[in-house]
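For reference, the structure is listed below as structure tokens.
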Amino acid sequence: MIRTNRCKKRVDKQKGMTLIELLIAVAIIGVLSAIAYPSYQDHVLKSHRASAMTDMMKIQLALEQHRTQNGSYDYTIVDNTTGECDSNLGCQNDTDRYKLSIVSGGSGINLYTIKATPQSTVGQTNDKCGTLAMNAASVGSAKKDNVEVDGCWN
Numbered sequence: 270m271i272r273t274n275r276c277k278k279r280v281d282k283q284k285g286m287t288l289i290e291l292l293i294a295v296a297i298i299g300v301l302s303a304i305a306y307p308s309y310q311d312h313v314l315k316s317h318r319a320s321a322m323t324d325m326m327k328i329q330l331a332l333e334q335h336r337t338q339n340g341s342y343d344y345t346i347v348d349n350t351t352g353e354c355d356s357n358l359g360c361q362n363d364t365d366r367y368k369l370s371i372v373s374g375g376s377g378i379n380l381y382t383i384k385a386t387p388q389s390t391v392g393q394t395n396d397k398c399g400t401l402a403m404n405a406a407s408v409g410s411a412k413k414d415n416v417e418v419d420g421c422w423n
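Everything in the sequence shown is counted per our numbering, starting at 270 for the first residue and increasing by one.
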């Protein structure tokens, strides 16, 4: 005698995702984006800050080179109105992010100060370091809301 199984075999295969699986996927994406996006924004601000610092160093080198060759500093290599440096220096500064300027006067290490002021047009003012400054002795500083910020030039 042959025994036959009279029960119906279910051949319905699940297609797609269940609501629980979808909610889990959305929750994972939400957690990852809540962590990753602020970190990404911080890295973008930091990279533009590093670019501004590099341009400040290029400006200082050009100032010192001009002084060595001509006996005086050429403060016109940066247009204090637009915040752009001389195109011959190869500055990478985005004037929407930082406005560069040279403040002359004083003596010794305060003979001049190169400043990079963050601009609010694209949110660079959210950077923790605020306004960057470098004096004639290559000493860098940063101020945000008139408070010195440490660790920006490391």
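Built from N, CA and C at the ideal position, the CB exists for glycine as well.
Predicted model only: the values in this text are computed from it and were never measured.
Assigned with DSSP and collapsed to three states, SER341 falls in coil, not helix or strand.
According to the DSSP assignment, SER356 belongs to no beta strand (DSSP E), since it is labelled neither H nor E. With fewer than 16 other CB atoms across the displayed protein chains lying within 10 angstroms of its CB, ASN395 is exposed. Beta-carbon to beta-carbon, ASN404 and ASN379 are separated by about 6 angstroms, close enough to satisfy the 8 angstroms threshold. In summary, ILE298 is exposed, with fewer than 16 beta-carbon neighbours lying within 10 Å of its beta-carbon over all protein chains present. Inter-residue distance for ILE293 and GLY399 is about 40 angstroms (C-alpha atoms, whole angstroms). Using a C-beta cut-off of 8 angstroms, the region 316-323 makes contact with the region 349-366, since at least three inter-stretch Cβ pairs fall below that distance.
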